[in-house]
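Numbering (our numbering), first residue to last: 0 to 56.
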């Protein structure tokens, strides 16, 4: 059984630091929703609307 969560974390007018902060907050929030927290995470990917997927974990 696979659970896939996705969330928007920024827009083009945001600075790199703001996007980085939002990525960290979003990951920590989404992981906190899982019963076993990080033990249930196999991979994390980040993707822009037009770009390729980047694996970050």
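Even glycine gets a Cβ: it sits at the ideal position worked out from N, Cα and C.
Beta-bridge pairing by DSSP links residue 44 to 54. One alpha carbon belongs to residue 12, the other to residue 20, and they sit about 14 angstroms apart. Residue 55 counts as exposed, since fewer than 16 other C-beta atoms from the protein chains shown sit within 10 angstroms of its C-beta. Just so you know, the alpha carbons of residue 42 and residue 18 end up roughly 20 angstroms apart.
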